[in-house]
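A short write-up of the structure that comes next.
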Amino acid sequence: MNASHSAFDHRELIELAVFAAREAGEILLSAPADGPVQARTKASPTDLVTAFDRRSEDRIVELLTAHRPDDGILGEEGGERPGTSGLRWVIDPLDGTGNFVSRNPAFVVSIAAELEGTGVVGVVHDPSRRETFSAVRGEGARLDGRPLRVDTPTTLRQALLSTGFSSDPAVRTQQAALAARVISHVRDIRSSGSAAMDLCWVAAGRLGAYYEGDTRHWDRAAGALIASEAGAWVGDADGGPASDRMVIACSPALVGELRALLGPE
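Numbering of the sequence shown is given in the working numbering, commencing with residue 97 and proceeding in unit increments.
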């Protein structure tokens, strides 16, 4: 892998991101096979972090900075480090920590590259399934090299929908009320516990739609690009860009119905 410190060769960026995500995935798979993983809390009793989150992020940052030392980095665990190249990496070293701690295999590594704030490369690696989702802006999305395309349900009632829930109990209560409103309008609802995974599953046609409030940029940066490049509409309930307040990904045919359902009553 040749280093390129300031040029933006998207092929090189995607290769680097895939390599780093898979390396991090091996760290996550090295957790002891028996019993729960030790975790400590962050902002709330259900907002968890483990030593594996940090080891995963440290390895990703080590690889990225070795090849592109001038790039900025925003990591869930390590915070933000400015760069000088105009390109920034956005890292979630373990999306689905609550699952990981409980030995539920629904967790992923997420890495995105942004040029002046616009996502240009996204990689989400699922270590348990050995699946790697990737996208380059304007070049489509792939799963282990195979092109992805969103499912195309024509109505929301045909759609299998996924959502997620905040670690903040008060926010989670509001989200549960919204899910109760949504469930009678869709085929069924799932919740994987990983925003990045759900976005990729929309891209792969495994879900017809996904929405979630109270996410963070690192949760969705790579997955949102992958979903968009697979043909999904990605935004918020008001029709603007996805945000911490709300991220929606769905077949374009469902946008009007879903936005109306998720907006204010």
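Using N, Cα and C, we set each Cβ at its ideal position, and we do this for glycine too.
Ile-279 counts as exposed, since fewer than 16 other C-beta atoms from the protein chains shown sit within 10 angstroms of its C-beta. In the structure shown, the three-state DSSP call for Ser-262 is coil. When DSSP states are grouped into helix, strand and coil, Pro-243 belongs to the strand group. Where Phe-229 is concerned, the enclosing beta strand (DSSP E) starts and stops at 227-232. Judged by DSSP secondary structure, Val-157 falls within the alpha helix (DSSP H) whose first and last residues are 147-163. Cβ-Cβ distances below 6 Å link Met-342 to Gly-309, Asp-332 and Ala-333 in the same chain, with the five nearest sequence neighbours on each side left out; the list follows chain order. By the beta-carbon neighbour count (other beta carbons within 10 angstroms, threshold 16), Pro-128 is exposed.
With contacts defined by Cβ atoms closer than 8 Å, Asp-315 and Ala-299 do not form a contacting pair. Among the bridge pairs identified by DSSP, Leu-257 is matched with Ile-285 and Ala-305.
The DSSP-derived three-state label of Ser-126 is coil. For Ser-324, the enclosing alpha helix (DSSP H) starts and ends at 313-325.
Nearest neighbour of Asp-149 by Cα position, chosen from Ser-258, Glu-119, Leu-357 and Arg-268, turns out to be Glu-119. Ranking Ala-317, Ala-323 and Gly-260 by CA distance to the CA of Gly-301 puts Ala-323 first. Under the three-state reduction of DSSP output, Gly-218 falls in the strand class. Annotation for Arg-151: Ile-123 place their beta carbon closer than 6 Å to its own, counting only its chain and skipping 5 residues before and after.
A distance below 6 Å between beta-carbons, with the five flanking residues on each side excluded, links Pro-201 to the following residues of its chain, in chain order: Ser-224. Segment contact: the segment 242-251 against the segment 342-358, three or more CB-CB distances shorter than 8 Å; contact assigned. Rounded to whole angstroms, the separation of the alpha carbons of Thr-311 and Leu-160 is 24 Å. Taken through DSSP and simplified to helix, strand or coil, Glu-172 comes out as coil.
Each of Leu-190, Glu-210, Ala-147 and Thr-259 was checked against the Cα of Val-204, and the nearest Cα belongs to Leu-190. Nearest C-alpha to Pro-178 among Trp-185, Val-186 and Gly-168: Gly-168.
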